[in-house]
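Chemist: Handing you a structure now.
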Amino acid sequence: LLKDSFMVELVEGTRKLRHVFLFTDLLLCAKLKKQIGGKNQQYDCKWYIPLTELTFQGPEEMEPLTIPQVPDEELDAIKVKISHLRSEIQREKRANKGSKVIDRLRKKLSEQESLLLLTSPSMPLRLFNKNGKSYSFLISSDYERSEWREIIREQQQKCVKTPSLTSMELQILTSSCLKLQTVHSIPLSLNKEEDESSGLYGFLNVIVHSASGLKQSLNLYCTLEVDSFGFFLNKAKTRVYRYTTEPKWNEEFEIELEGSQTLRLLCYEKSYNRTKLNKEDADSTDRIIGKGQILLNPQILQGKDWQRTVIPMNGIEVKLSMKFTSREFSLKRMPSEKPMGVFGVKISTVTKRERSKVPYIVRQCLEEIERRGMEEVGIYRVSGVATDIQALKTAFDTNNKDVSVMMSEMDVNAIAGTLKLYFRELPEPLFTDELYPNFAGGITLTDSVAKESCMLNLLLSLPEPNLVTFLFLLDHLKRVAEKESINKMSLHNLATVFGPTLLRPAEKDSKIPSNPTQPISMGDSWSLEVMAQ
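Each step along the sequence shown adds one to the number in the UniProt record's numbering, with nothing skipped, and position 148 is 148.
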């Protein structure tokens, strides 16, 4: 056995969870049988292809894949359930309850994780048998997709014989998969012994500096993936650096970690030629030039400083800097030292001084985004370049007359980032510390009529500058969501971005552990709070 993992197979438009095994001479796709009684787990072989007969190239007149997408709301609801179950397991363990209770919770957890594994991935990997049959898998990470392709191709070079198995031999091989498998049972996010969800919770700031070691000039960009809930997802993408052997991106990203242990980096050559569509993934013509990964070591990252590191990948080296902020310390609201600035200054002070209903910075940023950012894919979700955001912050703080000229020349993601930073650095959140517990309680009401009237009453009891500014922002976000088909930002995605920014209470009210050196495993209650926000 060379490699195995859980994968989602598309069978007649339906997602099916499979366990795929690559042996030295064949690829076997199995499904885990339902356990009946006290029987051990068993695999059932769905199909296999000898490596000599497997190809990634389909016939010329191939139908494009239709991938059934699951809405983000549903995926997030599953994540909330997983977080709930994890905290419950922790509680039961501490209370030394019987193992029956914990087993029942574990079973529920593995059901929810299987569901998440089944519904999340949407990147196609298509395999063809030379006899014309085709199989389609969905994977959540391009890194993994390319790993599978590479190892299969490598093995195909060494493979000469075509195995033909009798049904008996196939059965023996399939049942040996149980002993051989390296990816063990779901739930993936808990290691069996401690039931602690390991990994980091909080924010990882990553600066992608530059790449060296390229043999020829290319148009290059990088993407970053981290694992959360047991599988990898793409979290950030640099701009394309045009035609060079030494790209210098120097872009900073803030990536939210949810129990993450590994950071992966992929380097792509951007293809501007739309005609030579890549036969393997009809979705992308960009070619992976290199990929590499590093483990996120809590000991090294717990310091406050930036850690410089290099990721080597087949001859190319990419330089990065990283800094980690755990969830407890991620959104400290600190009042500003500057009496005249706008960042970190009470919103009522700013509007009084400006004689305005909505702070100038909010109006300026929204106007610029309405002018040219409404169709930007991932607007508000994609991080802007940190140095641009700092420059705009300084300009607004010093009341610089050229701020609108500066804005018109900047990447629109930096303007969105400046707006988010303004709300995040308010000395008290826009929804106020005082009302936060009421908002948090209101959202949990089950009766929808009661919930709506409670939330509206709370909203109307906000101070006037807070209310008017929020309605002004909300109006804008509704217009952003109307272009969801282009910018991919639904109301739900926007709520995920703005929730903590507008609601997270000031530091004194949050539950900080008195001993910050303890490893952080309180991630789950935080995830729940963030989801509520």
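Just so it is clear, CB atoms sit at the ideal spot from N, CA and C, and this is done for glycine as well.
1. Cα-Cα, which of 220, 257, 315 is closest to residue 248?
2. Mapping the DSSP letters down to three states, classify residue 361 as helix, strand or coil.
3. Am I right that residue 489 and residue 378 are in contact with their C-beta atoms under 8 Å? What's the rounded C-beta distance?
4. Considering only the beta carbon of each residue, do residue 347 and residue 466 sit closer than 8 Å?
5. Can you tell me whether DSSP reads residue 103 as helix, strand or coil?
6. Within its chain, find whatever has a CB closer than 6 Å to the CB of residue 367; leave out the 5 residues flanking it on each side and keep chain order.
7. If you drop the 5 nearest sequence neighbours on each side, which residues of the same chain put their C-beta closer than 6 Å to that of residue 282?
8. Would you mind stating whether residue 17 and residue 8 have Cβ atoms separated by less than 8 Å?
9. What does the alpha-carbon distance come out to for the pair residue 288 and residue 217?
10. How long is the line joining the alpha carbons of residue 279 and residue 62, rounded to whole angstroms?
11. With DSSP run on the structure shown, which of helix, strand or coil describes residue 506?
12. Just verifying my parser: in three-state terms, what is the DSSP assignment at residue 160?
13. Mind reading off the beta-carbon distance from residue 436 to residue 429? Whole number of angstroms is fine, and I expect it under 8 Å.
14. Just confirm the distance between the C-beta atoms of residue 307 and residue 326, as a whole number of angstroms; I'd bet it's less than 8 Å.
15. To the nearest angstrom, report how far apart residue 207 and residue 343 are at their CA atoms.
16. Mapping the DSSP letters down to three states, classify residue 148 as helix, strand or coil.
17. Could you check if residue 126 is buried or exposed, using at least 16 other CB atoms within 10 Å of its CB as the buried criterion?
18. Where in the region 61 to 146 do unbroken runs of the beta strand (DSSP E), each at least 3 residues long, occur, reported from the N-terminal end onward?
19. Can you tell me whether residue 399 is helix, strand or coil according to DSSP?
20. Is the region 77 to 84 touching the region 113 to 120 in the sense that three or more CB pairs, one from each, lie closer than 8 Å?
21. Classify residue 227 as helix, strand or coil using the three-state DSSP reduction.
22. Would residue 253 and residue 383 be called neighbours here (beta carbons separated by less than 8 Å)?
23. Alpha carbon to alpha carbon, how far is residue 139 from residue 239? Give it in angstroms, no decimals.
24. In three-state DSSP terms, what is residue 390?
25. For residue 34, is the classification buried or exposed, using 16 other Cβ atoms within 10 angstroms of its Cβ as the cut-off for buried?
26. Kindly list the residues whose CB is nearer than 8 Å to the CB of residue 392, restricted to its own chain and excluding five residues on each side of it in sequence; keep chain order.
27. Could you check what DSSP says for residue 369 in three-state terms: helix, strand or coil?
28. In angstroms, rounded to a whole number, what distance separates the CA positions of residue 259 and residue 376?
29. Can you tell me whether DSSP reads residue 443 as helix, strand or coil?
30. Using the three-state DSSP reduction, which class does residue 511 fall into: helix, strand or coil?
31. Would you report the Cα separation of residue 350 and residue 359, rounded to the nearest angstrom?
32. Leaving out five residues on either side along the sequence, give the residues of the same chain with a beta carbon under 6 Å from the beta carbon of residue 181.
33. If you follow the alpha helix (DSSP H) that residue 175 is part of, which residue opens it and which one closes it?
34. I need the DSSP call for residue 417, collapsed to helix, strand or coil.
Modeler: From the atom records:
1. Comparing Cα positions, the closest option is 220.
2. In this structure, residue 361 counts as helix in the three-state DSSP scheme.
3. So it is a contact: roughly 7 Å between Cβ atoms.
4. Result yes, Cβ atoms of residue 347 and residue 466 sit closer than 8 Å.
5. Per DSSP, reduced to three states, the secondary structure at residue 103 is helical.
6. So the list is empty, once near-sequence residues are dropped.
7. Reliability of the predicted coordinates at residue 282 is poor, the pLDDT of 45 falling under 50, and the value obtained from them is presented with this limitation in mind. Excluding sequence neighbours, residue 282 sits near 64.
8. Result yes, Cβ atoms of residue 17 and residue 8 sit closer than 8 Å.
9. So the alpha carbons of these two residues sit roughly 15 Å apart.
10. Low per-residue confidence applies at residue 279: pLDDT is 49, beneath 50, and the placement is therefore not dependable enough to give any value.
11. Three-state result, residue 506: coil.
12. Coil, per DSSP.
13. Cβ-Cβ separation between residue 436 and residue 429: approximately 7 Å, consistent with a contact (criterion under 8 Å).
14. Taking 8 Å as the upper bound for CB-CB distance, residue 307 and residue 326 are not in contact here, some 15 Å apart.
15. For residue 207 and residue 343, the gap between their C-alpha atoms comes out near 23 Å.
16. Looking at residue 148 - three-state DSSP - the assignment turns out to be helix.
17. Of the other Cβ atoms in all chains shown, 16 or more fall within 10 Å of the Cβ of residue 126; this residue is therefore buried.
18. For the region 61 to 146, whole beta strand (DSSP E) runs of length 3 or above, ordered along the chain, are 123 to 129, 134 to 139.
19. Coil.
20. The region 113 to 120 is in contact with the region 77 to 84.
21. Residue 227 falls in the strand class under three-state DSSP.
22. For residue 253 and residue 383, yes; Cβs fall inside 8 Å.
23. Each residue's CA atom was taken as its position, placing residue 239 and residue 139 some 24 Å apart.
24. In the three-state reduction of the DSSP assignment, residue 390 falls in the helix class.
25. Only exposed fits residue 34, as fewer than 16 other CB atoms lie within 10 angstroms of its CB.
26. Correct list, in chain order: 403, 406, 407, 410, 414, 415, 418.
27. Looking at residue 369 - three-state DSSP - the assignment turns out to be helix.
28. Going by the C-alpha atoms only, they are around 29 Å apart.
29. Residue 443: coil per DSSP, three-state reduction.
30. Its pLDDT being 44, under 50, residue 511 is placed unreliably in this model, and the value from its coordinates should be taken loosely. Of the three classes helix, strand and coil, the one that applies to residue 511 here is coil, per DSSP.
31. The alpha-carbon atoms of residue 350 and residue 359 are separated by roughly 6 Å.
32. If we look at residue 181 and ignore the five residues flanking it on each side, its Cβ neighbours are 4.
33. Taken as a continuous stretch (DSSP letters only), the alpha helix (DSSP H) holding residue 175 covers 167 to 180.
34. In this structure, residue 417 counts as helix in the three-state DSSP scheme.
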